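The number in this note's numbering is simply the position in the sequence shown, starting from 1, with 10 added. Notes follow once the structure below has been shown.
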Amino acid sequence: MQMANTVISVSNRLPVAIKNGELTKSSGGLVAALEGLPKEHYEQKWIGWPGAEITDKKEQKQIGRKLADEYGCIPVFLGKEEAAGFYEGFSNSSIWPLLHYLPNYLRYEPEWWEDYRKVNQTFANKVLEIAKDGDLVWVHDYQLMLLPAILRAEAPNLRIGFFLHTPFPAPQVFRFHPCCRELVAGMLGANRIGFHAFNYLRHFSGAVRRLLRIETELTQISRDGHTTALGVYPIGINASKFEETMDSEEFRQRRDEFRRAHEGKRLVISVERMDYTKGIPHRLEAIDDFLTKWEQIDKIRFIFVSVPSRENIEEYQHLVEEVESRIGQLNGKYATLLNSPIHFIHGSIPFVDLCALYALADVALVTPLIDGMNLVAKEFIACQRENAGLLILSEFAGAAEELFNARFVNPYDSDAVAAALIDALSTPVDQRRSGIQAMRERVIRYDAQHWARSFIEDLASDPVDDAGIGKTNIKEANDQLRRAIEGGQKIVLFLDYDGTLREIEVEPSAATPNLAIETLLRRLEQQPNLDVTILSGRSETDLEAFFGSFSFRLIAEHGASWRQPGKKAWKRPDHSLKYAWKEKLLPILRVYEQTTPGSMVEEKPSAIAWHYRKADEEFGGWKANRLTQELSALAANQPIKVRHGKKMVEVNAAEINKGTAVARVLELLPDYGVAICAGDDLTDEGMFELTLPRLLTIKVGSGSTQARFRIADPAAFREFLGDLFK
Ligand code: GDG
């Protein structure tokens, strides 16, 4: 494994809070996780917002120095208004609800997008100021989704990781966001993206395919020479801190005090930020149902600890009102002279008290509507060292994938939650103990430090740039060509167009040669001893329109139609070929066109093709595989070849392919010094398979290939040619 020196964590909030000019370190899971990285391998820095508005430059400097010296933290200062648009607006009112499948809460103002972009850029500037080549930059969460791509563009030698602490929803839901494409593309700037659960990873991959129309593999996405690895890293808790606290005298005292205070009562606890994703009103509904059925109201107590959260956002204010009024109502309805069943704390309690509560509770009722992970569920299990409590857990929390002995409920089904509660409170202790102990071992073993270490170690061994991987270094081709040029040898150049010279466009008609390509081609035209052929799957008409004014050899339809250098007329060298198969196969392609919305058939003189780039990604891909199979079965006894290319399935005459065309041209030029074939997709592999002497084959872009060399993307390939032929 390659060791890196510095890990720079970047999160919206720094782990140090400023209150009245005083700094206090927070004890959250993330801090503990990062503290667990071995110090001998990683030096650590942390970039983030310090949580207070500080406008005075002198004060900013002072605090900055203190943060850096005492905590290794580098503050990003934000203006009040941009911070509001970025944080409360864009992050928490538009992205957060969609990540949690709650589009009814989505609000969007175009100005927020400006603030979000600006703040992401401000964070990027700070990272770029601090980071050196090879450093590991670990970006956290949905507030900074654009940061990886900004960093990649400006500092491609950084290793950039991104971790999403929330779920990633089905692409159809994320698509409601007006900036969904930019956000997904922003994350893709990372070398590695981590999720709590495989489901989120799968959805993200689907969003990349559907929204950006980029092909993905199960755990890897490659484009333009850059690869993003995807991984599942379920976050854990700060296990040692819980264990140490439970060993302390203070803990024992508090636990005993609580025990006395709730003497004779069964305790059911819920702990969370006051957030609509946590399902508090639904839970109260279930408690209402439970209390109508539970006979010993004097002997049950629900403790709700709800930490105030995002209080400037209207939806959160409504939630507080709703919860307070509902709890008031329920206590009014069910209170006896001896007991008020719901004890509600709208505030944060000290850590030791939290541990004591977790340790004493008979049941933890953790029923978010949806939750990325939910650490409370794991913390409760960790604190059940002596007790044998029961965890009732929403099946829609990421934690449900790991806490296998919990009692799972659908939080929307209040009857079922009430029934689970009755059942839990009636389960004998000895039946509960083994279940909880097995989960406890897991929670302690796979803690926050384990989580951070696995992510960072994977990131450290990710390649920074995958261009050229598994291929001979392109420099060798460059040297060989330079020698040939200097020696006055004849060079023959075969260039595919789409994806090789020119970036692919969704609409092929939009991929006209731009100024950079025209200038490069004019330069190639001026070179002595250079013979250029442009060969493509496109029609004569397209090639004539794009390159008609050049003196190059043009070969259309993968080799079916030729225009020789300096000539105007197009010729079909294989005019003896019969195309009777076209009429037989065309109806099959038409059926696919009709039954796959967004797809279309193209008829060419020597070929027929079915295009599906505008169809639904998955459905189109599935249909394409079926069509390829169906046509291949029919092709067995025919002089034809079926190819599944980029977003198309094409049938043409077996004799016609780019490889045959290249061989035929080279027969006409036996005195050539070096020949180069460059292409980007399957149809170019025919050229790459040739075993002719002095032939250099170059694949442009990612994917497996027979070519000997690889270049990252069309822009890099143009630069390569521009450097050679000045
Ligand atoms: C996000 C994702 C994901 C709560 N009340 C008190 C208190 N807490 C602490 C808990 C726990 C933390 O707050 C809450 O963490 P969760 O994971 O439950 O939820 P989110 O805040 O929504 O966190 C979530 C997480 O990121 C990590 O990736 O699991 O899905 O939404 O640690 O102990 N701590 C103290 N007093 C309280 O009153 N001291």
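Beta carbons: idealized from backbone N, C-alpha and C, even for Gly. Computed from a prediction, not measured in an experiment: that's the story for all the values here.
### Query
Between Ile313 and the rest of its own chain, which residues show a CB-CB distance below 7 Å, the 5 nearest in sequence each way excluded?
Leu277, Ile279, His353 and Leu367
### Message
Quick check: does the Cβ of Arg512 come within less than 7 Å of any heavy atom belonging to ligand 1?
### Response
no
### Query
Going by Cα to Cα distance, which pick from Ile501, Lys588, Asn647 and Leu553 is closest to Ile682?
It should be pointed out that residue 682 corresponds to Tyr in this sequence rather than to Ile. The shortest C-alpha separation from Tyr682 is found at Ile501.
### Nearest residue (CA-CA) to Glu550, options Phe560, Asp541 and Ile565
Ile565
### Query
Is any heavy atom in ligand 1 found nearer than 7 Å to the beta carbon of Ser444?
no
### Query
How far does the alpha helix (DSSP H) with Ser444 in it reach, from first residue to last?
Val439 to Arg455
### Task
Measure the C-alpha to C-alpha separation of Thr605 and Glu627 and round it to an integer number of angstroms.
15 Å
### Message
Could you compute how far the alpha carbon of Gly144 sits from the alpha carbon of Tyr52?
### Response
12 Å
### Task
Could you tell me whether any Cβ in chain C is nearer than 8 Å to the Cβ of Glu593?
Although the question refers to chain C, the structure presented lacks it and comprises just one protein chain.
### Task
Would you check if there are 3 or more beta carbon pairs closer than 8 Å linking the region 192–211 to the region 234–248?
yes
### Query
What does a CB cutoff of less than 6 Å around Leu294 pick up in its chain, not counting 5 residues either side in sequence?
Arg336
### Message
Nearest by alpha-carbon distance to His460: which of Leu112, Arg220, Gly74 and Ile245 is it?
### Response
Ile245
### First through last residue of the beta strand (DSSP E) which encompasses Thr638
Thr638 -> not in any beta strand (DSSP E); alpha helix (DSSP H) instead, spanning Glu627 to Ala645.
### Query
In this structure, does DSSP put Lys67 in helix, strand or coil?
helix
### Query
Taking just the CA atoms, how far does Leu146 sit from Tyr81?
19 Å
### Query
Three-state secondary structure (DSSP) at Ala717?
coil
### Task
Take Ile231 as the anchor and find which of Glu729, Gln441 and Leu211 has the nearest alpha-carbon.
Leu211
### Task
Indicate the three-state DSSP secondary structure (helix, strand or coil) for Asn102 in the structure shown.
helix
### Neighbourhood of Leu503 by C-beta, 6 Å cutoff - its chain only, sequence neighbours within 5 removed
Val542 and Ile686
### Query
Should Ala646 go down as buried or exposed, given a rule of 16 or more other Cβ atoms within 10 Å for buried?
exposed
### Strand pairing of Val675, partner residues [DSSP]
DSSP, once it has assigned bridges, lists no residue as partnering Val675.
### Message
The beta strand (DSSP E) that contains Cys189, what's its start and end?
### Response
That residue, Cys189, is in no beta strand (DSSP E); it is neither H nor E in DSSP.
### Query
Going along the chain, which residues of its own chain have a beta-carbon closer than 7 Å to the beta-carbon of Asn30, five neighbours each way excluded?
none
### Message
Rounding to the nearest angstrom, what Cα-Cα distance links Ile527 and Ser404 in this structure?
### Response
57 Å
### Query
What whole-angstrom Cβ distance do Gly669 and Glu699 have, given they're in contact under 8 Å?
6 Å
### Message
Between which two residues does the beta strand (DSSP E) holding Trp148 run?
### Response
Leu146 to His150
#### Entry: N-terminal and C-terminal residue of the beta strand (DSSP E) that Glu660 is part of
Met658 to Ala663
### Query
Which value, in whole angstroms, describes the spacing of the CA atoms of Gly630 and Arg653?
15 Å
### Query
Near Leu379, which residues of its chain fall below 6 Å by C-beta distance, leaving aside the five closest residues on each side in sequence?
Thr287, Gly289 and Pro421
### Task
Indicate the three-state DSSP secondary structure (helix, strand or coil) for Asn539 in the structure shown.
coil
### Distance cut-off 7 Å: Thr255 Cβ against heavy atoms of ligand 1
no
### Task
Go ahead and pull the three-state DSSP assignment for Glu745.
This structure gives no information on residue 745, because the portion of the chain shown stretches from 11 to 736.
### Query
Buried or exposed: which applies to Val601, given that a residue is buried once 16 or more other Cβ atoms fall within 10 Å of its Cβ?
exposed
### Query
Is the distance from the Cβ of Val20 to the Cβ of Leu154 below 8 Å?
yes
### Query
Around the C-beta of Arg548, are 16 or more other C-beta atoms found within 10 angstroms, so that it is buried, or is it exposed?
buried
### Query
What do you get for Val41, buried or exposed, if any count of 16 or more other CB atoms within 10 angstroms of its CB means buried?
buried
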